[in-house]
Amino acid sequence: MSDKLIIFDTTLRDGEQSPGASMTKDEKLRIARQLERLKVDVIEAGFAASSNGDFEAVRAIAHAIKDSTVCSLSRANDRDISRAAEALKGANSARIHTFIATSALHMEKKLRMTPDQVFEQAKLAVRFARNLVADVEFSPEDGYRSDMDFLCRVLEAVIKEGATTVNVPDTVGYAVPELYGHFIKDLRERIPNSDKAVWSVHCHNDLGMAVANSLAGVKIGGARQVECTINGLGERAGNCSLEEVVMAVKTRRDYFGLTLGIETKHILAASRMVSQTTGFVVQPNKAVVGANAFAHASGIHQDGVLKARDTYEIMRAEDVGWSANKIVLGKLSGRNAFKQRLLELGVQLDSETEINAAFAKFKELADRKSEIFDEDILALASDGSVSHEDEQFVFVSLSQHSETGERPQASVVFTAQGKEVKGSSDGNGPVDASLKAIESHVNSGAEMVLYSVNAISGSTESQGEVTVRLQNSGRVVNGVGSDPDIVVASAKAYLSALNKLHSKAERVAAQG
Ligand code: KIV
Ligand code: ZN
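When we follow the numbering used here, the leftmost residue of the sequence shown carries the number 62, and every step to the right adds one.
In structure tokens, the structure reads:
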């Protein structure tokens with residue numbers, strides 16, 4: 062058995078299924094490039110048949126990515142599989158990932174199909190996909206809660222049809238490590254042709270055990286592919302977190318005895334990019350990528366680390382992208398230094414026009430803030446202020462007045478389909494007044510379900526990063542905005558969420 066662990070990232074597909082985490086094609090492309098830089102083996106770019114937008118995103122990623130395999134999800138039917146193959150045309154290395162539910166509960170209540178019908182459909186789907194691409198993955202959805210005998214029958218048949226990877230999802234996060242590990246082991250031992258496919262684990266985090274379950278699937282079960290997402294992004298409690306699995310396997314090589322292709326020094330940039338793009342803030346005590354992950358606050362720890370860092374540190378902060386020298390650029394930095402830093406951070410702006418626009422924003426920021434950190438640059442590149450293509454609303458300026466004992470007033474100037482407009486309103490506070498000022502013109506009718514502010518680099522001098530989550534007609538979107546003035550950041554975040562509400566077409570849910 063190979064000692065290489067394949068890292069399959071599904072941030073852009075399963076991660077994106079998280080309410081509010083939907084991304085535009087350009088955002089997905091930017092993250093895909095960062096995943097390639099990270100040397101992820103497989104990038105699940107989306108679910109091509111779910112919407113035209115996702116089809117285009119998969120297609121763009123398939124064309125842009127050269128070093129990682131690009132994959133599209135598809136239900137087990139010819140139409141979905143053909144759409145996936147079409148979107149993947151032109152990829153250096155393409156994979157179709159087809160799935161159908163196999164648990165009694167899902168087959169009876171959701172699919173309303175008999176086990177024999179599911180068995181036939183799984184076989185036909187893999188056969189059809191194998192005629193279109195050489196690399197086909199099959200997943201029995203809710204696999205962990207499926208009957209073992211039935212699962213063995215299905216997996217043996219799809220491997221016979223040519224599935225190159227078989228993945229065993231714990232779709233609802235019900236597994237516990239030891240049992241999940243043995244479940245994979247039993248499957249591999251009972252299925253006669255199990256050695257003809259790579260075995261993969263896919264765990265959800267409902268009981269907080271997605272990483273532990275995945276690692277047990279590898280160690281006990283002998284799986285050689287882990288499906289995961291950056292920051293553990295995903296529906297409900299999320300998916301298995303890429304950074305945690307990778308650093309566990311790397312740090313405890315003595316125990317796992319496996320190799321990885323991942324360039325771990327790009328992990329932090331990937332985490333920031335995903336967080337700033339989706340508005341899903343990373344908790345400070347999150348392993349590997351949280352702000353406190355390498356901070357030693359207690360005197361005893363600090364003393365120990367200064368004497369010998371391995372007294373309290375089991376991994377090196379630099380190895381996952383934390384740099385000791387955090388101040389990177391200032392007012393006098395030139396365009397080349399800025400462009401170079403963008404590249405080092407994994408941000409690839411596509412045209413000179415975009416670089417110029419980002420540089421102008423950088424200069425504006427440097428005039429207001431003496432020290433520019435990596436976090437500022439990443440925020441600037443992902444707050445929607447660089448590329449306004451396809452954006453209905455673009456922030457221009459804001460004025461507001463608030464005084465103790467008086468009701469705050471705000472006016473916001475923004476463009477709506479290229480035309481400058483101004484909205485004014487009062488509100489409970491300056492932020493409330495500013496967002497109501499925008500609504501006075503837009504009348505979106507959207508309901509705000511989340512508002513959060515985060516200081517990007519710690520102090521009151523830092524930029525505020527605001528996330529706004531809006532819900533309208535059953536759709537949920539997140540908008541993110543950043544600025545040293547949190548009222549302006551809030552207005553930008555609100556406009557960014559409105560843009561997403563306007564731009565995303567209806568889509569088919571993967572497991573619906
Ligand atoms: O969780 C799940 O079952 C999935 C499958 C579609 C692989 O995401
Ligand atoms: Zn999943």
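Glycine included, each C-beta is placed from N, C-alpha and C at the ideal position. None of these values were measured; they are calculated from a predicted model.
- Here DSSP, grouped into helix, strand and coil, assigns residue 414 to helix.
- Using a 10 angstroms sphere on the CB of residue 209, the tally of other CB atoms stays under 16, which defines it as exposed.
- For residue 248, the closest C-alpha among the options 286, 271, 273 and 204 is that of 204.
- In the structure shown, the three-state DSSP call for residue 118 is helix.
- Counting other Cβ atoms within 10 Å of its Cβ, residue 149 reaches 16 or more and is therefore classed as buried.
- In terms of Cβ geometry, residue 471 and residue 495 form a close pair [threshold 8 Å].
- Counting the other CB atoms within 10 Å of its CB gives residue 498 a total of 16 or more, which places it among the buried residues.
- Spatial neighbours of residue 331 in its own chain (CB-CB distance under 6 Å, excluding positions within 5 residues in sequence) are listed in chain order as 95, 99 and 291.
- Residue 405 has its alpha-carbon roughly 31 Å from the corresponding atom of residue 109.
- Within the region 332-378, the alpha helix (DSSP H) runs of at least 4 residues that lie entirely inside it are, in chain order, 360-368.
- The ligand ZN has a heavy atom closer than 7 Å to the beta-carbon of residue 232.
- Cβ neighbours of residue 400 within its own chain (closer than 7 Å, five residues either side excluded): 416.
- Its chain contains 97 and 153 as the residues whose beta carbon lies nearer than 8 Å to that of residue 127, once the 5 sequence neighbours on both sides are disregarded; these appear in chain order.
- A Cβ-Cβ distance of about 5 Å is found for the pair residue 328 and residue 382, placing them in contact under the 8 Å criterion.
- Looking from the CA of residue 439, the closest CA among 334, 535 and 487 belongs to 334.
- Here the distance from the Cβ of residue 75 to the nearest heavy atom of the ligand KIV is below 7 Å.
- Residue burial is scored here from C-beta neighbours: residue 462 has fewer than 16 other C-beta atoms within 10 angstroms and is therefore classed as exposed.
- Annotation for residue 481: the continuous beta strand (DSSP E) segment containing it runs 480-487.
- Residue 265 has its CB nearer than 7 Å to a heavy atom of the ligand ZN.
- Where residue 514 is concerned, the enclosing beta strand (DSSP E) starts and stops at 508-516.
- The three-state secondary structure of residue 65, taken from DSSP, is strand.
- Under the DSSP assignment, residue 180 falls in the alpha helix (DSSP H) whose first and last residues are 176-191.
- The shortest C-alpha to C-alpha distance from residue 371 to any of 352, 312 and 336 is the one to 312.
- Note that the C-beta distance between residue 207 and residue 164 is below 8 Å.
- Not one heavy atom of the ligand ZN lies closer than 7 Å to the C-beta of residue 153.
- Using a C-beta cut-off of 8 Å, the region 227-244 makes no contact with the region 178-197, since fewer than three inter-stretch Cβ pairs fall below that distance.
- Within the same chain, and ignoring the five residues on either side of residue 188 in sequence, the residues whose Cβ sits closer than 6 Å to its Cβ are 222.
- Secondary structure of residue 113 (DSSP, three-state): helix.
- Between the ligand KIV and the CB of residue 134, the shortest heavy atom gap is smaller than 7 Å.
- A direct Cα-to-Cα measurement between residue 544 and residue 515 gives close to 11 Å.
- Of the candidates 326, 319, 316 and 315, the residue whose Cα lies closest to the Cα of residue 304 is 326.
- When the alpha-carbon of residue 295 is set against those of 159, 538 and 73, the nearest one is in 73.
- Residue 64 sits away from residue 242, with the two beta carbons spaced by 8 Å or more.
- At least one heavy atom of the ligand ZN lies closer than 7 Å to the C-beta of residue 300.
- Note that the C-beta distance between residue 219 and residue 183 is below 8 Å.
- For residue 542, the closest C-alpha among the options 475, 484, 441 and 563 is that of 441.
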